[in-house]
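Please read the structure below before turning to the comments.
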Amino acid sequence: MQTQEKKNVLLNPTSQSVNRSLSSFLSCTVGSQEARADNPTLQHCFFRLSALGMDPVILLGGYSAFHSLYPFLCTPRMVLLESERRLLTIYPSEILEGALYQGSASQAQDYRIIKNLHITHVVNATAEISDAFPNVLRYLRLRLSDDAQQDLRQALPEASRFIAAALRGSPGSPGGRVLVHCSLGRSRSSVLTLGFLMEQRRWSLLHAFQWLKERRTCAAPNAGFLRQLSEYEEQLFGRRLTSLDDIRL
């Protein structure tokens, strides 16, 4: 079976850009230095691209603003071929800007990623993967299994306290940046991130889950973890605010 190769292109929202033949592209990033959500030209460009079957992504502030924040995600050359994309480094998901990240074990073991994101603390949710840089970073090792029967009663508040303290910093020391990881960055890491957002942001399970899914679409805590998060919600707020039927993985 042949599949169409997915390509990405960066455009400025001008009529000339929109009217070009873009049928060979399936995704697109739209950047403008004057980019705003209410920009009519940008909206026109966005909807035209959507009508072409593409998946536009808008860089508010444009490419230059994105580059200033994430220079390690930018390249001066066009990347079109599948073989070229395989050489690109995939970074963890940014859950809270400049503060909290969630990813996989392979990302947690890549020092270039750790350095570029300025990670200072790591929550390792696995029992099978060792801490990669214990002489450089501060770790919380929880040794959880991705099993619906895994008890999270101690892990949830412990991870939440560790993340909060790391982000807060201490007198004379600025707040750090935290990477939460498990093996694939889907289940164990997600339940710890959700527990932190619920406790520290005072968000309901549903609100925290929607926030996480918008930023890491592969997040998928197992059924037992979701049940325990529902119990944790009741513990935090005195009642359950979220029906698990509303959680869409």
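Per the numbering used here, the sequence shown runs over residues 1403 to 1651. The beta carbon of each residue, even a glycine, is placed where N, CA and C say it ideally should be. Nothing here was measured: the structure is a model prediction, and the numbers come from that model.
Practice problem: Could you tell me whether the stretch 1613–1624 touches the stretch 1557–1572, where touching means 3 or more Cβ pairs closer than 8 Å? | Solution: no
Practice problem: Just list the beta strand (DSSP E) runs in the stretch 1515–1595, keeping only unbroken ones of 3 residues or longer that don't cross its boundaries, in chain order. | Solution: 1523–1528, 1540–1546 and 1580–1583
Self-check item: Asn1537, buried or exposed, once every other Cβ within 10 Å from all chains shown has been counted against 16
Solution: exposed
Exercise. Counting only runs of 4+ residues fully inside the stretch 1469–1495, write out the alpha helix (DSSP H) ranges in chain order.
Key: 1484–1487
Quiz item: CB Ala1534 to CB Gln1511, shorter than 8 Å?
Solution: yes
Quiz item: With DSSP run on the structure shown, which of helix, strand or coil describes Asp1457?
Solution: strand
Quiz item: For His1583, which of Gly1464, Gly1577 and Ser1591 has the nearest alpha-carbon?
Solution: Ser1591
Quiz prompt | Cα-Cα separation, Asn1526 to Asp1548 | solution = 13 Å
Exercise. Assuming Leu1607 and Leu1631 form a contact by the criterion Cβ under 8 Å, report the distance between their Cβ atoms to the nearest whole angstrom.
Key: 5 Å
Quiz item: What are the partner residues of Tyr1665, as DSSP defines its beta bridges?
Solution: With the chain covering only 1403 through 1651, there is no way to say anything about residue 1665.
Quiz item: For Ser1423, which residues from the same chain have a beta carbon less than 6 Å from its beta carbon, with the 5 sequence-adjacent residues on both sides left out?
Solution: At Ser1423, the pLDDT of 40 sits below 50, so the modelled position is not reliable; the number obtained from the coordinates is stated separately. Around Ser1423: no qualifying Cβ.
Self-check item: Residue ranges of each beta strand (DSSP E) within the stretch 1612–1640, 3 or longer
Solution: none
Practice problem: Rounded to whole angstroms, what's the CA-CA distance from Ser1645 to Ser1485? Just pull it up for me. | Solution: 44 Å
Quiz item: Thinking C-alpha only, which one of Cys1620, Ser1572 and Trp1605 is nearest Arg1641?
Solution: Trp1605
Practice problem: Indicate the three-state DSSP secondary structure (helix, strand or coil) for Gly1597 in the structure shown. | Solution: helix
Quiz item: Closest to Gln1542 by CA distance: which of Gln1552, Leu1643 and Ile1531 is it?
Solution: It should be pointed out that residue 1542 corresponds to Leu in this sequence rather than to Gln. Leu1542 has its Cα closest to that of Ile1531, out of Gln1552, Leu1643 and Ile1531.
Quiz item: With DSSP run on the structure shown, which of helix, strand or coil describes Arg1358?
Solution: Outside the shown range of the chain, which is 1403 to 1651, sits residue 1358, and nothing can be said about it.
Practice problem: Taking Ile1492 as the reference, give the member of Ala1625, Gly1464, Tyr1472 and Ile1460 with the closest Cα. | Solution: Tyr1472
Quiz item: Do you know whose CA, among Phe1639, Gln1637 and Leu1558, lies nearest Phe1598's CA?
Solution: Leu1558
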